[in-house]
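For reference, the structure discussed in these notes is given below.
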Amino acid sequence: MLVDYSVAAREGQQITIEAPSLAAPLVREVYRRILAAGAHPLPRIGIEGMLENLMLEGSDAQLDWVNPARRDDIEEVDGRVVIMAPLNTRSLTRVDASKQARLHRALEPQRNRYLERAANGELRWVLTLFPTQAAAQDAGMSLPEFEDFVYAAGFLDRDDPVAEWKRFGERLDGVEAFLSGISELRVLAEDTDLRVGVGGRTWIGSRGLENFPDGEIFTGPVETSVEGTIRFTYPAIFHGREIDDVRLRFEGGEVVEATAARGEDLLREMVAVDEGARRVGEFAFGLNEAVTAFTREILFDEKIGGTVHLALGTAYPETGSSNRSALHWDLICDLRDGGEVYADGELAYRDGAFVVL
Amino acid sequence: MNDPRLARLATLLVDYSLRLREGEVVRVNSSDAAAPLILAIQRVAIERGVHAYANVALEGLAEILVSEGSREQREFVSDLAYREVDRLDAEITIWSEANTKSFSRADPEARGQVYAAERSLVNRRWQRIGRGEMRWVGTLMPTNAHAQDAEMSLLEYEDFVFRACHVDGDQDPLAHWRAAAEELTARAAEFADAREVRIVGPDTDLRLGVAGRTWQPSYGTHNMPDGEVFTSPVETETEGEIRFTLPAVFYGREVEDIRLRFEGGRVVDADARSGADYLRTLLDTDDGARVLGEFAFGLNYEIDRWTRNILFDEKIGGTVHLALGSGFDDCGSKNESALHWDIICDLREEGEIYADGELVWRAGRFLEAPKPAVERV
């Protein structure tokens, strides 16, 4: 799926495999498939603990340093398969938020550049997760249970996963067609009444190409349009640290009030990273019904069927949004129990499903 | 795993072998098995203001490339890889294998294509080192695979490796290696004017011409552990015979009890108790394969046994080694060959070495400490 469908590796292409050593079994299979496609696999294997060392002990100059070899990768490769495989999802808990923010700022041009190349059709990338004990533990599951969950979420338990994802894509096309004609969405739920301007923006259905598993439809809202309040039902997670019960109030597209039951300091620091971090770079509906449980891993959580999420910070340029930031932080709001979304004043979505389609 | 010896080894590599300075970029090449040493190196590098990152070869990928890649894929070297090497100030290679026999059953031709691609990157590094643009050091992180080859438990092998690097005790490793550098430099200087080296031992009486050749000390800046003094003999002057009591290893294959006879610099007779055919095949590699490219004294007396790993074996204190094949330009060698095969001759039990007729070495030891270089003037 990752090599043939998501990045569609072709003869002679250079494809990086970016993964920690814990993902070795999956890295080997991806490497094999890339060879079978006639392309050149370029493994970029990380060692658990190096990022922690850097963040705990690194000087500003070291946090700001961007490896030019990796910058070259971003400029030249035809595809990237990025695999997460956490050994301990809390290994960065002790790190200063300002150091994390600094490292993120340093990597921002690189991130923006690969998104730009992807938007121009010059590079294909996919992000996935190899199930580990740490990820299973965060999801409150045993490793075998979590493996079943991960593979079901990717439709890998079905006879023909590629066909399933193509079918899913057709369903997304229907949602996309509907949302494309809408200029304002209003989200109503407990302690939530948020208006998001989406007129003229492009909706993109995620069908397993850039994330795996996948299943969402997103856009970049009009930068100055977001108004009102939203309360996020799931904890917001940033590098292993949880912020509970986040509530945001927006005026003219900017966060003007941010509170949380726990972790409010971190929340404020994140929002203050830079100018763009106060604005919404993404608004999306989670549409994968095989993803039902909250796992503390955004790759899955943002696709939970029946939720919406918004991201503070940088936008995907292909949506038409110009918001840029070192931050891209997804926050999820569950609408399965009584939530509603109005599209240009008409009820379009209730209790976690579209009612107009 | 938080073995304090790893932290000391890391400090030795960063501060002594490579002398890394603030703002420099160092890449650590290794496999995932070396993670504890990679992290220890990174911690020291961070303290020094150095930018350190890892280049990790995941176990199994090279085997997959050899067995499943096309020829074009096996020979492919990305331009990205060349440019990456061009940007480095220094590089550390940590040999650390989970299985030293991973390639024994691979198709030799396919394996050769992958090696050739890797070699083109290594050559690029050596060109830059030669121009003084970067530094490099190679070391080893103990694994069960290396311990098994050395016929030790992992714990015993760790003790052996860290003792050989002098990072195992209370002594300051940097002070040890600085002293070793002085001693080995002085020893190399003593041989600068020698015209002939004669090795005498059981079934051995070999004369090597070394007039005009440069002797090099090797004290931990390219290898850790280290401890040898070497040169490249005059190509046409090697005469006599030598018997090697330790097995010689080439790409995982062993040849035991080798006997060689030289005339006019060339091997004219070669025999071995086992692997004689392989020995003759290697000697027929090309024209230069029958000529010596290196003669060296092993002078690390913490390395007291043979372990099937040339990083250690060539430095066993009390041995000498000869290499058949290519010599070193900076020693004055003109011998060229695709082969460079180190064969170790154990002189610890009995054995004598004469320099221009004077006995200088007996039973694995020089008779006198080298005179400090300043007094020789």
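In order, the protein sequence lines correspond to chains B and Y. Each position in the first sequence, counted from 1, maps to that position plus 11 in this note's numbering. Each position in the second sequence, counted from 1, maps to that position plus 16 in this note's numbering. We put the beta carbon where it would ideally sit given N, CA and C, even for glycine.
With its beta carbon at least 9 angstroms from every one in chain Y, B/Trp136 lies outside the interface. Inter-residue distance for Y/Gly256 and Y/Leu222 is about 5 angstroms (C-alpha atoms, whole angstroms).
Interface with chain Y (9 angstroms Cβ-Cβ cutoff): B/Ser109 is excluded. Around the beta carbon of Y/Asn18, a 10 Å sphere encloses fewer than 16 other beta carbons of the protein chains shown; the residue is thus reported as exposed. Y/Trp377 sits in a strand when the DSSP states are folded into three classes. In the displayed model, Y/Ala166 falls within coil according to three-state DSSP, outside both helix and strand.
Chain Y places no beta carbon closer than 9 angstroms to that of B/Tyr162, leaving this residue out of the contacts.
Contact residues of the region 94-123 of chain Y toward chain B are Ser94, Leu96, Arg99, Glu100 and Arg103 (C-beta to C-beta distance below 7 angstroms).
Under DSSP, Y/Ile54 shares a beta bridge with no residue.
DSSP links B/Leu196 through a beta bridge to B/Val207 and B/Ala354. At a cut-off of 9 angstroms between beta carbons, Y/Ile215 makes no contact with chain B.
Within the region 22-50 of chain Y, contact with chain B at the beta-carbon level (separation under 7 angstroms) is assigned to Asp48.
Under the DSSP assignment, B/Ala295 falls outside any alpha helix (DSSP H), being part of the beta strand (DSSP E) whose first and last residues are Val291 to Gly297. Less than 9 angstroms divides the Cβ of Y/Leu340 from the Cβ of Y/Ala305.
Contact between Y/Ala197 and Y/Tyr235 holds: CB atoms are separated by about 4 angstroms, below the 8 angstroms threshold. By the rule that beta-carbons nearer than 9 angstroms mark a contact, Y/His192 does not touch chain B. Closest option to B/Pro36, judged by alpha-carbon separation, among B/Leu278, B/Ile56 and B/Arg21: B/Ile56.
Chain B has a Cβ within less than 9 angstroms of the Cβ of Y/Leu74. Those residues of the region 81-96 of chain B placed with their C-beta closer than 7 angstroms to a C-beta in chain Y are Asp83, Asp84 and Glu87, ordered along the chain.
Less than 9 angstroms divides the Cβ of B/Ala34 from the Cβ of B/Phe141.
Look at Y/Ser86: its C-beta is under 9 angstroms from a C-beta on chain B. Secondary structure note for Y/Asp287: its beta strand (DSSP E) is the uninterrupted segment Arg282 to Asp287.
A Cβ-Cβ separation of about 15 angstroms leaves Y/Trp111 out of contact with Y/Leu74 under the 8 angstroms criterion. Proximity of Y/Gln187 to chain B, defined by a Cβ-Cβ separation below 9 angstroms, is not satisfied. In the three-state DSSP reduction, B/Tyr245 falls in the coil class, being neither helix nor strand.
Contact of B/Pro328 with chain Y is not assigned, every C-beta pair being separated by 9 angstroms or more.
Closest in C-alpha terms to Y/Glu272, from the list Y/Tyr294, Y/Thr230 and Y/Leu81, comes Y/Tyr294. Using a Cβ-Cβ distance cut-off of 8 angstroms, the region 310-320 of chain Y and the region 329-344 of chain Y are in contact, since at least three pairs of beta carbons, one from each stretch, lie closer than that value.
Of all residues in the region 21-39 of chain B, those with a C-beta nearer than 7 angstroms to a C-beta of chain Y are Gln25, Ser32, Ala35, Val38 and Arg39, reading in chain order. Counted as a single uninterrupted DSSP element, the stretch harbouring Y/Ala106 is not any alpha helix (DSSP H) but the beta strand (DSSP E) occupying residues Ala106 to Trp111. The count of Cβ pairs closer than 8 angstroms, one atom from the region 61-70 of chain B and one from the region 208-226 of chain B, stays below three, leaving the stretches out of contact.
Residue pairing by DSSP places Y/Ser47 opposite Y/Ala73 in a beta bridge. Between Y/Val250 and Y/Phe207, the C-beta gap is not smaller than 9 angstroms, which leaves the two residues out of contact.
Counting C-beta atoms within 10 angstroms of its own C-beta, B/Ser153 has fewer than 16 neighbours from the protein chains shown and is therefore classed as exposed.
By the criterion of a C-beta distance shorter than 8 angstroms, Y/Gln89 is surrounded in its chain by Leu81, once the five residues flanking it on both sides are discounted. At a cut-off of 9 angstroms, the C-beta of Y/Gly348 has no neighbouring C-beta in chain B.
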